[in-house]
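Encoded as structure tokens, the structure appears first; notes follow it.
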Amino acid sequence: YSIMNVLNPKVSFDLSKFEPVSVLAYYPAIMLVKGDLPVNSMKELVDYAKANPGRLNYGSQGNGQIGHLAMEQLKMMTGTELVHVPFRGSAPAITDLLSGNIEVLPDLLPATKQLIESGKIKAIAVASPARLAALPNTPTVAETLPGFEADTWMGVAAPPGTPKEIVQKLSDAIREAFATPEVKARIAATVSA
1 YSIMNVLNPK VSFDLSKFEP VSVLAYYPAI MLVKGDLPVN SMKELVDYAK
51 ANPGRLNYGS QGNGQIGHLA MEQLKMMTGT ELVHVPFRGS APAITDLLSG
101 NIEVLPDLLP ATKQLIESGK IKAIAVASPA RLAALPNTPT VAETLPGFEA
151 DTWMGVAAPP GTPKEIVQKL SDAIREAFAT PEVKARIAAT VSA
């Protein structure tokens with residue numbers, strides 16, 4: 001389900017007790033670098049980080065968020081040292097990547113696709129198990145670092161103890177809504193925007 005209780009043991013509820021209803025969206029991290037950083041692949045990023053220990057700053061959407069966890073995984077797998085700069089969400093992190101205050105940012109495609117296409121930032125890899133249809137020429141991180149995967153998802157859960165028939169009705173209604181042409185078009189517009 002979620003790592004919330006691991007990252008913050010003081011949370012007053014346990015998400016693992018909730019009834020899963022539906023996964024709405026799955027978002028792999030996209031490994032982004034500022035436009036003028038002299039790297040164009042994960043191998044080049046790792047080599048550059050090893051040659052410049054502690055000199056690359058990476059941003060995240062905040063402590064414990066997808067970008068932070070993805071980069072900590074990268075650091076552990078490669079023995080590299082990068083400096084974490086946590087932000088309060090994607091927007092300020094993207095702004096600092098564009099301005100050059102950070103060099104690396106794992107973020108999500110809906111927030112960055114236009115900037116990638118315009119060449120303002122570079123997508124050097126996707127952290128999904130397979131390449132993305134929206135970025136077919138961008139390799140996966142796992143092509144360089146086997147086993148690397150970093151993704152997040154959005155879902156719907158019902159309170160603990162919700163009757164199974166209610167959970168099923170909710171799940172069916174969401175599935176039916178997501179199958180309509182209108183919802184499919186809105187989702188496609190979000191990813192291609």
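Just so it is clear: in the sequence shown, position 189 is 189 by the numbering used here, and no numbers are missing.
We put the beta carbon where it would ideally sit given N, CA and C, even for glycine.
**OP:** Please report the Cβ distance between Lys120 and Gly67, rounded to the nearest whole angstrom; I am assuming they are in contact, meaning their Cβ atoms lie under 8 Å.
**Re:** Locating residue 120 in the sequence shown gives position 120, counting from the first residue. Locating residue 67 in the sequence shown gives position 67, counting from the first residue. Their Cβ separation, rounded to whole angstroms, is 18 Å, which puts Lys120 and Gly67 out of contact at 8 Å.
Original post:
When the Cα atoms are used, what is the spatial distance from Gly100 to Val83?
Top reply: Here the question's residue 100 lines up with position 100 in the sequence shown. Here the question's residue 83 lines up with position 83 in the sequence shown. Gly100 and Val83: Cα-Cα distance of roughly 14 Å.
**OP:** Mind reading off the beta-carbon distance from Ala157 to Glu19? Whole number of angstroms is fine, and I expect it under 8 Å.
**Re:** Walking along the sequence shown from the start, residue 157 turns up at place 157. Walking along the sequence shown from the start, residue 19 turns up at place 19. The Cβ separation is near 6 Å, so the contact holds.
Original post:
What's the gap between the Cα of Lys50 and the Cα of Glu103?
Top reply: Locating residue 50 in the sequence shown gives position 50, where the first residue counts as 1. Locating residue 103 in the sequence shown gives position 103, where the first residue counts as 1. Rounded to whole angstroms, Lys50 to Glu103 spans 15 Å at the Cα level.
**OP:** Please name the residue, chosen from Tyr58, Ile187, Leu145 and Ser171, that lies closest to Val33 on a Cα-to-Cα basis.
**Re:** Here residue 33 refers to the residue found at position 33 of the sequence shown. Considering only alpha carbons, the answer is Tyr58.
Original post:
Roughly how far, in whole angstroms, is the beta-carbon of Val196 from the beta-carbon of Val21, given that I think they are within contact range, below 8 Å?
Top reply: Only positions 1 to 193 of the chain appear in this structure, which leaves residue 196 out of reach.
**OP:** Excluding the 5 residues preceding and the 5 following Gly89 in the sequence, name in chain order all residues of the same chain whose CB lies nearer than 8 Å to its CB.
**Re:** Numbered from 1 along the sequence shown, position 89 holds the residue referred to as residue 89. Cβ within range, chain order: Gln61 and Gly62.
Original post:
The alpha helix (DSSP H) with Lys113 in it runs from where to where?
Top reply: Here residue 113 refers to the residue found at position 113 when the sequence shown is read from its first residue. Leu109 to Ser118 is the span of the alpha helix (DSSP H), which, as asked, contains Lys113.
**OP:** Check the C-beta distance from Ala177 over to Val183 and give it rounded, since I have them as a contact under 8 Å.
**Re:** Your numbering for residue 177 matches position 177 in the sequence shown. Your numbering for residue 183 matches position 183 in the sequence shown. Between the beta-carbon of Ala177 and that of Val183 there is about 6 Å, and that keeps the pair under the 8 Å contact cut.
Original post:
Along the chain, where does the beta strand (DSSP E) that runs through Asp14 open and close?
Top reply: By one-based count along the sequence shown, residue 14 stands at place 14. Neither: Asp14 is in no beta strand (DSSP E) and is coded neither H nor E.
**OP:** Counting only the same chain and skipping the five closest in sequence on each side, list residues whose C-beta sits under 7 Å from that of Met77.
**Re:** Locating residue 77 in the sequence shown gives position 77, where the first residue counts as 1. Closer than 7 Å at the Cβ level, and outside the excluded window around Met77, lie Leu145 and Phe148.
Original post:
According to DSSP, what are the bridge partners of Pro86?
Top reply: Your numbering for residue 86 matches position 86 in the sequence shown. Answer by DSSP bridge pairing, in chain order: Ser60.
**OP:** Would you kindly work out how many angstroms separate the C-alpha atoms of Ile187 and Ala127, rounded to a whole number?
**Re:** Position 187 of the sequence shown, counting from 1, holds the residue named residue 187. Position 127 of the sequence shown, counting from 1, holds the residue named residue 127. Taking the straight line joining both Cα atoms gives about 21 Å.
Subject >> Residue closest to Ala25, alpha-carbon to alpha-carbon, out of Phe13, Asn40, Ala70 and Gly155 >> reply: Taking the sequence shown and counting its residues from 1, the one referred to as residue 25 is at position 25. Ranking Phe13, Asn40, Ala70 and Gly155 by Cα distance to Ala25 puts Gly155 first.
Subject >> As assigned by DSSP and simplified to three states, the class of Asp151 >> reply: To locate residue 151, count along the sequence shown from 1; it is residue 151. In the three-state DSSP reduction, Asp151 falls in the strand class (E or B).
Original post:
Quick one, which of Pro38, Leu74, Ala179 and Asn40 has its alpha-carbon nearest Ala142's?
Top reply: Here residue 142 corresponds to residue number 142 of the sequence shown, with the count starting at 1. A check of alpha carbon separations from Ala142 across Pro38, Leu74, Ala179 and Asn40 identifies Leu74 as the nearest.
Original post:
Excluding the five sequence neighbours on either side, which residues of its own chain have a C-beta within less than 8 Å of the C-beta of Ala150, listed in chain order?
Top reply: Stepping through the sequence shown from its first residue, residue 150 is reached at position 150. Excluding positions up to five away in sequence, the list reads Pro28, Ala29, Ile66, Leu69, Ala70, Gln73, Pro106, Ala127 and Val141.
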